[in-house]
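First residue of the sequence shown? That's 361 in this note's numbering, and the numbers climb one at a time after it. What follows is a short report on a single structure.
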Amino acid sequence: MATQKTTTKAAAKKTYPTKSGKRSTTPPSKRWSSKVTTDSTKPGPGLFKKSAKTIAKDLEKKSVSPKGPGQAMQMLSFYENRGGKNLSAERKQTLEHAKDIIRADEGKSPAKKSAKKKPTKKASK
Numbered sequence: 361m362a363t364q365k366t367t368t369k370a371a372a373k374k375t376y377p378t379k380s381g382k383r384s385t386t387p388p389s390k391r392w393s394s395k396v397t398t399d400s401t402k403p404g405p406g407l408f409k410k411s412a413k414t415i416a417k418d419l420e421k422k423s424v425s426p427k428g429p430g431q432a433m434q435m436l437s438f439y440e441n442r443g444g445k446n447l448s449a450e451r452k453q454t455l456e457h458a459k460d461i462i463r464a465d466e467g468k469s470p471a472k473k474s475a476k477k478k479p480t481k482k483a484s485k
């Protein structure tokens with residue numbers, strides 16, 4: 361009878377690795393993000409930890425984004441989606457504000473969070 365109890369306890373203690381405990385088996389050189397290349401020089405170290413205004417101003421410089429504000433937006437989005445995937449809500453908000461500043465300087469309206477396109481009415485014949 362004692363043997364049966366120990367087996368049940370052993371089965372009850374069985375644990376599985378958590379998602380955060382797993383590590384990627386793909387080496388860094390084989391990941392798609394390692395193949396990303398750009399004509400631009402890299403943004404300065406620690407740039408994305410600064411204020412939104414500073415981030416936008418530095419990314420818009422010709423020395424960092426030779427192809428213009430569109431390239432600055434691409435770098436900012438890449439950092440937000442890949443490089444900084446564990447960002448706090450406050451940092452994400454700062455990066456979104458930097459995007460809005462770049463859009464404003466470019467002459468585009470800021471992005472709307474929950475904007476849905478209204479269906480266009482078709483003219484009936």
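Where is the CB? At the ideal position from N, CA and C, for every residue including glycine.
By the DSSP assignment, the alpha helix (DSSP H) with residue i in it spans what residues?
i: P403; result: Premise fails: P403 is in no alpha helix (DSSP H) and is neither H nor E.
i: S448; result: Counting along the chain, S448 falls outside any alpha helix (DSSP H), and DSSP gives it neither H nor E.
i: K413; result: A412 to L419
Beta carbon of residue i, beta carbon of residue j: below 8 Å?
i: K459; j: M435; result: no
Please classify residue i: does DSSP put it in a helix, a strand, or coil?
i: P388; result: helix
i: G430; result: helix
i: T397; result: coil
Does residue i pass the burial test, meaning 16 or more other C-beta atoms within 10 Å, or should it be called exposed?
i: A464; result: exposed
i: S425; result: buried
i: A449; result: exposed
Residues in the same chain with beta-carbon distance under 6 Å from residue i, minus the five sequence neighbours each way, listed in chain order, please.
i: E440; result: L455
Is residue i near the ligand PLP - that is, is its Cβ less than 7 Å away from at least one heavy atom of it?
i: K421; result: Only the bare structure without any ligand can be found here, which leaves the ligand PLP out of the picture.
Note down, in chain order, each residue of its chain lying with its Cβ closer than 8 Å to the Cβ of residue i, except the 5 sequence neighbours on either side.
i: V396; result: F438
Note down, in chain order, each residue of its chain lying with its Cβ closer than 7 Å to the Cβ of residue i, except the 5 sequence neighbours on either side.
i: P429; result: E420, I462, D465 and E466
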